[in-house]
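Visitor:
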Amino acid sequence: MLKNHLKIAWRTILKNRGLFSINIIGLSLGIGACLTIALYVIDELSYDRFHEKSDQIARVVLNGKMGDEIIKESGVMPPVGQTLTQEVPEVLASTRIFKLADRAKVVYEGKTLRKGKMALVDPNFFEVFTFPLLKGDAKTVLSKPNSVVLTQEQAKAYFGNEDPLNKTIDIKDIGIYSDSGYVDNSGLYTVSGIIAEMPANSHFHFDLVASMLGNKDASNQSWLSGSYRTYLVLAKGANISQVESKLPTITEKYMGSQLETAMGMSFQKFFESGNKIGLYLQPLTKIHLYSDVSQEYEEGGDIDTVYMFAAIAIFMLLIACINFMNLSTAGASKRVKEIGMRKVLGSEKRQLIFQFLTESFVATLLAMTVAVLLFAISLPYFNQLANKAFTFGQIVTPQFVVAIGILTMAITLLSGGYPAFFMSGFRPIQALKNKFTTVSSKGIRSGLVVFQFAISASLIIASLVVSQQMNYIQNKDVGYNREGLLVIRDAGLLGNNFDAFKEELKNDPKVINSTTSAFVPAGPTNQSRVLISSGNESSQKLRVRAFYVDEEYIPTLGMDIVEGRNFSKEFGNEEDKILINQTAVKTFGLKGNPVGQTLVESTNNEGATKTLWIIGVVKDFNARSLHEPIEPMLMKYDPYYGLIVRAKNSDMKNLIASLESKWNSYGSGESFGYAFLDELYNETYLKEQNMNAILRIFAFLTIFVACLGLFGLVTFTAQQRFKEIGIRKVLGSSVPQIVGMLAKDFIKLVIVAMVIAFPVGYYLMNKWLQDFTYRIEVEWWVFALAALITVCIAFVTISFRSIKAALMNPVKSLRTE
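For the sequence shown, our numbering begins at 7 and goes up steadily by one.
1. Going along the chain, which residues of its own chain have a beta-carbon closer than 6 angstroms to the beta-carbon of M261, five neighbours each way excluded?
2. Could you tell me which whole beta strand (DSSP E) segments of length 3 or greater appear in the segment 561–623?
3. Let me know the secondary structure DSSP gives I63 once reduced to three states.
4. Compare the C-alpha of K642 against each of S677, F706, A653 and F573 and name the closest.
5. Would you kindly check if the distance between the Cβ of A44 and the Cβ of A382 is under 8 angstroms?
6. Within 10 angstroms of the Cβ of H633, are there 16 or more other Cβ atoms? Answer buried if so, exposed if not.
7. Do Y195 and T101 count as a contact pair if the criterion is CB distance below 8 angstroms?
8. Enumerate in chain order the residues of its own chain whose CB-to-CB distance from F824 is below 7 angstroms, with the five nearest sequence positions on each side excluded.
9. DSSP puts Y234 in a beta bridge; with which residues?
10. Please return the same chain residues whose Cβ sits closer than 8 angstroms to the Cβ of L454, not counting the five positions on each side in sequence.
11. What does D176 pair with, by DSSP beta-bridge criteria?
12. Give the C-beta separation of V239 and S198 to the nearest angstrom, bearing in mind that I take them to be a contact with Cβ-Cβ under 8 angstroms.
13. Would R807 be called buried (16 or more neighbouring beta carbons within 10 Å of its own) or exposed?
14. I'd like the list of long-range same chain contacts for M124, defined as Cβ closer than 6 angstroms, with 5 residues on each side in sequence excluded.
15. Could you tell me whether the Cβ atoms of F627 and G485 are closer together than 8 angstroms?
16. Locate the beta strand (DSSP E) running through V147, then write down its first and last residues.
17. Should the segment 681–698 be called in touch with the segment 479–497, which here means at least 3 C-beta pairs below 8 angstroms?
18. Would you identify the three-state DSSP class for F388, choosing helix, strand or coil?
19. Taking P742 as part of the alpha helix (DSSP H), name the residues at either end of that continuous run.
20. Who pairs with S2 in a beta bridge, going by DSSP?
21. Could you tell me which residues DSSP pairs with E75 in its beta bridges?
22. Quick one: grab the DSSP three-state call for R102.
23. Can you look up K659 in the DSSP assignment and give me helix, strand or coil?
24. Could you say if the segment 774–790 and the segment 744–751 meet the contact criterion of at least three C-beta pairs nearer than 8 angstroms?
25. Fully enclosed by the segment 230–311, which alpha helix (DSSP H) runs are 4 residues long or longer?
26. Do L563 and N487 have their C-beta atoms within less than 8 angstroms of each other?
27. For V550 and N670, what's the separation of their Cα atoms in angstroms?
28. What is the rounded straight-line gap between the Cα of R652 and the Cα of K173?
29. Candidates R235, V47, A39 and E581: which alpha carbon is nearest V86's?
30. Should A437 go down as buried or exposed, given a rule of 16 or more other Cβ atoms within 10 Å for buried?
31. So if DSSP puts T157 in a beta bridge, which residue, or which two residues, is it bridged to?
32. For V445 and R451, what's the separation of their Cα atoms in angstroms?
33. Does the contact criterion of 3 or more C-beta pairs under 8 angstroms hold for the segment 268–279 versus the segment 43–62?
34. Flag this pair as touching only if the segment 71–88 and the segment 51–58 have three or more C-beta atom pairs under 8 angstroms; answer yes or no.
35. Compute the Euclidean distance between the alpha carbons of T311 and H294, then round it to the nearest angstrom.
36. Taking K394 as part of the alpha helix (DSSP H), name the residues at either end of that continuous run.
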């Protein structure tokens with residue numbers, strides 16, 4: 007019986023190649039898109055769940071407010087973890103991470119390599135987190151000072167095929183600044199363990215993990231500053247909210263006296279003045295998607311984006327299934343007599359249903375095969391857009407095969423169920439006379455078309471708004487000229503040759519200007535904060551963003567000084583002089599001309615201060631992303647190794663070659679590395695750019711698949727009104743009149759879809775734009791353009807099939823009358 011059903015299904019497919027091909031195209035595109043997005047969604051939701059204690063681990067985060075500044079930082083003070091372990095019974099253990107370098111400089115047997123992220127961690131790091139050791143014991147691998155664990159790839163880079171255990175490597179340039187002063191972590195480290203590469207779905211990644219034992223800053227007891235990522239292991243079943251409720255008392259107990267010494271006010275007075283400071287917990291598995299704190303080691307995801315793409319996947323699959331239903335019912339008229347004959351010859355309704363479901367299964371199976379092929383082909387391109395590293399080989403597991411099987415059966419029932427019941431319900435006499443009615447199905451199909459085009463229009467609106475915002479970001483005046491700027495972050499590697507290298511730059515005709523500073527207003531940055539007040543007794547101390555620069559910083563970056571002067575060697579020692587931005591003038595309430603006035607810097611946690619003289623005011627510029635408002639900021643004269651070069655755009659290629667040649671001539675032993683400031687700026691919005699590209703692709707796919715469904719409905723309607731069209735032609739109706747008659751009802755459906763899509767699109771895109779401090783407004787023309795695009799595409803689709811119906815010879819439809 008099954009063999010017979012399969013044979014008939016295959017014959018039916020061959021007989022209706024055109025309709026079947028459209029079915030396969032629509033269904034395979036929908037399934038392929040759904041598989042691709044599902045892979046992304048599953049991966050995003052899986053972050054950090056591979057740790058055995060993932061449901062028990064939480065990160066401590068700093069939360070507060072000082073003046074107008076909202077503080078949400080992932081780094082907390084050094085003693086927080088140990089203190090909470092002692093004070094809170096539900097906290098079983100804690101561990102800390104402190105990143106030292108993005109590219110650690112490692113020397114082994116005269117060979118120097120600068121690659122691999124390095125961090126200091128507490129000795130119990132591998133007992134808290136599940137990163138299986140290939141060599142070494144989790145309990146003892148970091149129990150000694152200057153012990154280091156390497157990833158397998160890193161070990162191979164240093165040692166080749168040698169056994170890395172107990173080998174000694176010299177790690178340089180990994181010092182840090184803290185309240186304890188400059189802490190130099192450079193020195194000889196012993197390899198005590200090897201791990202595999204940290205999984206891609208971890209919210210942090212390091213290639214070298216060294217013991218924090220013996221580090222001077224790690225034992226610092228200050229509760230006022232620090233940048234240690236601190237993780238707690240909670241008792242099983244512990245309620246995070248209950249643990250958090252104990253944190254304010256502990257914070258006041260340990261921070262109160264230190265705060266009073268540093269800021270001259272009690273903890274209570276600090277809160278009464280409108281400030282806030284406190285700690286809260288983030289469950290480990292929610293950090294990647296839900297965290298809204300600054301100073302993350304790696305950029306996280308966004309749960310709203312995941313929800314949006316999950317919705318797109320579901321809608322794409324539904325639209326594809328709806329198309330299958332519409333196209334199947336559209337083709338039913340060609341099989342009416344076949345169904346009538348089968349019933350006369352004794353076929354039962356359940357047999358007919360099974361036959362049609364078999365045909366649906368064959369079509370779905372073929373569509374699934376094409377979809378998986380499209381999925382495999384598109385995976386590398388999707389990886390680029392989504393910043394992932396999926397491989398088809400990793401994905402094809404027994405679970406994946408089972409999931410494909412279940413999805414195939416589900417789509418078979420979802421897309422083939424309605425046509426099967428619809429066609430098997432024909433009465434034999436009506437079927438043999440080629441007459442059939444669908445009283446309720448017209449409304450269902452119309453509703454499905456409205457649904458399809460509402461989703462399509464919403465995606466078009468989203469794509470237009472995101473494109474407009476990205477265009478705004480590209481063209482906004484950010485307060486400096488980012489074109490033609492080269493950033494050489496590792497210029498400090500030149501050591502004593504730095505000044506000579508910079509002097510050569512001045513004499514290069516391809517260079518306009520250069521500045522010694524590692525502080526870049528775009529991309530990864532070394533911006534830090536200092537505690538500043540206006541010096542009045544009633545004034546509040548605020549954390550202010552600080553840039554350390556030389557006298558060439560302002561002209562090189564093309565910034566404007568609106569009052570006062572720039573730094574200059576003509577005025578001698580400028581160490582106690584500062585430039586501030588316009589926002590700082592307003593924030594500190596400086597009256598009149600701020601030039602010549604003073605601000606007071608807190609230089610340590612014991613209350614020591616330093617007076618700073620304002621010599622100029624810089625026009626406000628965006629030192630961070632446009633997601634964030636411009637903050638009060640100051641510049642101090644303290645050139646720090648790092649070069650920013652303004653070059654002539656017309657000769658950039660030759661300049662880079664010249665710089666590399668000069669760099670190599672000084673024999674630093676390091677490869678020449680640089681970045682363009684405008685590229686660093688664009689990388690800040692890489693997530694939004696990728697989202698824009700993905701939205702465009704899926705908007706196109708959705709509207710394309712929806713048009714296939716519309717084509718099916720037009721076909722179905724034309725077949726139902728076959729004789730009517732013939733009579734109208736006999737009575738003199740022209741082709742345009744018949745096309746207009748058929749198109750009118752469908753265009754109405756598309757307009758209804760627009761009415762639904764407009765408020766949905768407006769709400770969703772306004773919500774997305776709320777993440778930007780500097781943003782566009784969603785204007786009326788976005789909706790007009792989206793409507794025009796959708797209606798035009800729909801009209802072309804309708805016209806194509808309607809014209810064919812209108813051109814048909816009326817004799818064919820009326821010859822039996």
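The beta-carbon is built from N, C-alpha and C at its ideal position, and this holds for glycine as well.
Guide: Per the coordinate set shown:
1. The sequence position of residue 261 within the sequence shown is 255, counting from 1. These residues qualify, in order along the chain: W229.
2. 567–570, 583–587 and 604–608
3. Along the sequence shown, read from residue 1 onward, the residue named residue 63 stands at position 57. Note: I63 maps to strand in three-state DSSP.
4. The sequence position of residue 642 within the sequence shown is 636, counting from 1. Cα-wise, what sits closest to K642 is F573.
5. The residue given as residue 382 occupies position 376 in the sequence shown. The residue given as residue 44 occupies position 38 in the sequence shown. No, the pair does not count as a contact, with Cβ atoms beyond the cut-off.
6. The residue you call residue 633 lines up with position 627 of the sequence shown. Exposed is the call here.
7. Residue numbering aside, residue 101 sits at position 95 when the sequence shown is read from its first letter. Residue numbering aside, residue 195 sits at position 189 when the sequence shown is read from its first letter. It is not a contact, given that the beta carbons lie outside the stated cut-off.
8. The chain is shown from 7 up to 823; residue 824 falls before or after that span and cannot be answered.
9. Here residue 234 refers to the residue found at position 228 when the sequence shown is read from its first residue. Its beta-bridge partners are V82.
10. Numbered from its first residue, the sequence shown carries residue 454 at position 448. Only I328, M331, N332 and G715 meet the Cβ criterion.
11. Stepping through the sequence shown from its first residue, residue 176 is reached at position 170. Answer is V113 and L194.
12. Position 233 of the sequence shown holds residue 239. Position 192 of the sequence shown holds residue 198. Not confirmed; about 22 angstroms, so no contact.
13. As a working note, residue 807 is residue 801 in the sequence shown. Buried is the call here.
14. For the purposes of this step, residue 124 is taken as residue 118 along the sequence shown, with counting starting at 1. Hits under 6 angstroms: L106, A107, A110 and L214.
15. Taking the sequence shown and counting its residues from 1, the one referred to as residue 627 is at position 621. Taking the sequence shown and counting its residues from 1, the one referred to as residue 485 is at position 479. Their beta carbons are under 8 angstroms apart, which means F627 touches G485 by this criterion.
16. Taking the sequence shown and counting its residues from 1, one reaches residue 147 at position 141. Neither: V147 is in no beta strand (DSSP E) and is coded neither H nor E.
17. yes
18. Numbered from 1 along the sequence shown, position 382 holds the residue referred to as residue 388. Of the three classes helix, strand and coil, the one that applies to F388 here is helix, per DSSP.
19. In the sequence shown, residue 742 corresponds to position 736, counting from 1. Per DSSP, P742 belongs to the alpha helix (DSSP H) from V741 to L775.
20. Given that the chain is displayed from residue 7 to residue 823, the structure contains no residue 2 and the question cannot be resolved.
21. For the purposes of this step, residue 75 is taken as residue 69 along the sequence shown, with counting starting at 1. According to DSSP, which records beta bridges pairwise, E75 is partnered with M72.
22. Residue 102 sits at position 96 when you count from the first residue of the sequence shown. Looking at R102 - three-state DSSP - the assignment turns out to be strand.
23. The residue labelled residue 659 in the question sits at position 653 within the sequence shown. Correct three-state label for K659: helix.
24. no
25. 246–250, 253–269, 273–278 and 293–296
26. Counting from one through the sequence shown, the residue named residue 563 turns up at place 557. Counting from one through the sequence shown, the residue named residue 487 turns up at place 481. Against a cut-off of 8 angstroms, the Cβ pair of N487 and L563 comes out as a contact.
27. The residue you call residue 550 lines up with position 544 of the sequence shown. The residue you call residue 670 lines up with position 664 of the sequence shown. Cα-Cα distance, rounded: 39 angstroms.
28. As a working mapping, residue 652 is identified with position 646 in the sequence shown. As a working mapping, residue 173 is identified with position 167 in the sequence shown. The straight-line gap from Cα to Cα measures roughly 44 angstroms.
29. By one-based count along the sequence shown, residue 86 stands at place 80. That would be R235, whose Cα lies nearest to the Cα of V86.
30. Within the sequence shown, residue 437 is the residue found at index 431, counting from 1. Unreliable positioning characterises A437 in this predicted model, as indicated by a pLDDT of 48, which lies under 50. The coordinate reading is nonetheless provided below. A437 should be labelled buried.
31. To locate residue 157, count along the sequence shown from 1; it is residue 151. BP columns for T157 point to I201.
32. Position 439 of the sequence shown, counted from the start, is the residue given in the question as residue 445. Position 445 of the sequence shown, counted from the start, is the residue given in the question as residue 451. Below a pLDDT of 50, predicted positions are generally treated as unreliable, and V445, at 45, falls in that range; the measurement from the model is reported next regardless. Rounded to the nearest angstrom, the two C-alpha atoms are 11 angstroms apart.
33. no
34. no
35. The count along the sequence shown starts at 1 and reaches residue 311 at position 305. The count along the sequence shown starts at 1 and reaches residue 294 at position 288. About 12 angstroms.
36. Along the sequence shown, one-based indexing puts residue 394 at 388. It is not in any alpha helix (DSSP H) - K394 carries neither H nor E in the DSSP assignment.
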